[in-house]
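Asker: Counting the sequence shown from 1 gives a position; our numbering is that position plus 8. The beta-carbon is built from N, C-alpha and C at its ideal position, and this holds for glycine as well. Predicted model, so just to flag it, every value in this text is computed and none were measured. Dropping the structure in here first, questions after.
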Amino acid sequence: MDEPDKNIVLFDGVCNLCNGLVRFIIKRDRTRKFKFASLQSEIGQQWLIRFGLAKNEFESFVLIQDDKYYLKSAAALNTLRKLGGIWKAFYVFILIPRPVRDFMYNLIAKSRYKMFGKRDVCMIPTPELKERFL
């Protein structure tokens, strides 16, 4: 379960928006810094338990770095910062107080299935992407 040299992204595996964000990260992660697991997967559940997070709460994007975790807007902004390039410029939004950022995050999270749809099963990575998933 330990991946000390990687940044681990836990995401809602049945959410089309979340799956799109994972593909967005993979496409821009040229140095392969990120690994992925769905929140619903066995390994995703193990990470949630490790950090004492709710095992049935799938409305949060989770970023694990150096044995710390980030949730919601902090996870998204730290992921963009770690991607580098122009994407790290979005980290400036960290200056907005977390309750305000997370309020906006929660608005999208609560309506993501309505706006973007939902899958019946978690995303199954293609053979060439399989190594990026835990």
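#1: Quick check on DSSP: helix, strand or coil for residue 22?
#2: In terms of residue numbering, what span does the alpha helix (DSSP H) encompassing residue 102 cover?
#3: Taking Cβ positions only, does residue 82 come closer than 8 Å to chain C?
#4: Please name the residue in 44, 107, 48, 75 whose C-alpha comes closest to that of residue 58.
#5: What number of angstroms, rounded off, separates the C-alpha of residue 40 from the C-alpha of residue 103?
#6: Verify whether the separation of the beta carbon atoms of residue 118 and residue 67 is less than 8 Å.
#7: Run the CB neighbour count on residue 93, radius 10 Å, all protein chains shown included, and call it buried at 16 or more, exposed below.
#8: Determine the DSSP secondary structure at residue 79, reduced to helix, strand or coil.
Answerer: Taking the geometry as given:
#1: Assigned with DSSP and collapsed to three states, residue 22 falls in coil, not helix or strand.
#2: That residue, residue 102, is in no alpha helix (DSSP H); it is neither H nor E in DSSP.
#3: Absence of chain C from the displayed structure is noted, only one protein chain being present.
#4: Nearest C-alpha to residue 58: 75.
#5: 28 Å
#6: Contact: yes.
#7: exposed
#8: Of the three classes helix, strand and coil, the one that applies to residue 79 here is strand, per DSSP.
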